Amino acid sequence: MLGLLALLTLLACGPIYDTQYSYAPPPTAEGRVCAMQCQQTEAYCARSCDLEAETCRAEQRAEAAEAYERYVRDRSRAGKSIDRSLSDFDQSYMCSSSGSCRSQCSASYRGCFSACGGAVSAERVCVAFCN
């Protein structure tokens with residue numbers, strides 16, 4: 042019965058699409074140099090996104106450690122048991138992933154590439170539950 046339910050659930054899922062981009066380089070040497078600068082800017086942007094997300098997670102872990110130490114100290118002074126763990130204080134899940142930030146970098150790159158004279162083509166492609 043459980044297998045049938047799982048099968049029906051999978052069948053109920055519609056196809057999942059992703060947008061894939063193809064790039065035709067600018068026709069001029071100046072345009073190609075410009076496009077290279079766009080690519081470098083996108084790479085820097087993506088690294089900044091990753092660093093921002095990791096910094097947030099590190100700060101949240103540090104705050105959790107401090108809060109947990111206070112909790113243990115306060116409970117110990119009061120003669121109470123330590124019922125919580127460090128993970129109970131960790132709120133790093135609140136940090137956004139770098140994915141949405143990186144998407145903005147990619148969108149900016151496509152605009153920059155086009156402004157340099159290149160052509161960007163978008164195609165919607167089925168990536169899961171395709172018929």
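Quick note: the sequence shown uses this note's numbering, first residue 42, plus one each step. Beta carbons: idealized from backbone N, C-alpha and C, even for Gly. Everything numeric in this text was worked out from a predicted model, so none of it was measured.
Pop quiz: residue i and residue j are said to be a contact at Cβ under 8 Å. What is the actual Cβ separation, rounded to whole angstroms?
{"i": "ALA87", "j": "ARG143", "result": "5 Å"}
{"i": "CYS79", "j": "CYS157", "result": "6 Å"}
{"i": "SER138", "j": "ALA99", "result": "Rounded, the Cβ-Cβ distance is 15 Å, inconsistent with contact."}
{"i": "PHE170", "j": "PRO56", "result": "5 Å"}
Answer with buried or exposed for residue i, where buried requires no fewer than 16 other C-beta atoms within 10 angstroms of its C-beta.
{"i": "CYS54", "result": "exposed"}
{"i": "ALA106", "result": "exposed"}
{"i": "ALA76", "result": "buried"}
{"i": "TYR150", "result": "buried"}
Rounded to a whole number of angstroms, what is the C-alpha to C-alpha distance between residue i and residue j?
{"i": "PHE130", "j": "TYR85", "result": "33 Å"}
{"i": "PHE154", "j": "CYS146", "result": "12 Å"}
{"i": "TYR112", "j": "GLU83", "result": "43 Å"}
{"i": "SER126", "j": "GLU71", "result": "59 Å"}
{"i": "SER89", "j": "SER141", "result": "12 Å"}
{"i": "GLU104", "j": "SER122", "result": "22 Å"}
{"i": "VAL168", "j": "TYR58", "result": "6 Å"}
{"i": "SER117", "j": "ASP124", "result": "11 Å"}
{"i": "THR96", "j": "TYR109", "result": "20 Å"}
{"i": "PRO68", "j": "GLN132", "result": "50 Å"}
{"i": "ARG102", "j": "ASP91", "result": "17 Å"}
### Message
Three or more C-beta pairs under 8 Å: does that hold for the stretch 148-162 against the stretch 62-77?
### Response
Taking one beta carbon from each stretch, the stretch 148-162 and the stretch 62-77 have 3 or more pairs nearer than 8 Å; the two touch.
### Query
If you scan the stretch 138-169 from start to end, which runs of the alpha helix (DSSP H) of 4 or more residues do you find wholly inside it?
Every alpha helix (DSSP H) stretch that sits fully inside the stretch 138-169 and reaches 4 residues is listed by chain position as 139-156.
### Message
Please give the ranges of any alpha helix (DSSP H) in the stretch 65-142, keeping only runs that are unbroken, at least 4 residues long and fully inside the region.
### Response
Contiguous alpha helix (DSSP H) elements confined to the stretch 65-142 occur at 70-118, taking only those with 4 or more residues.
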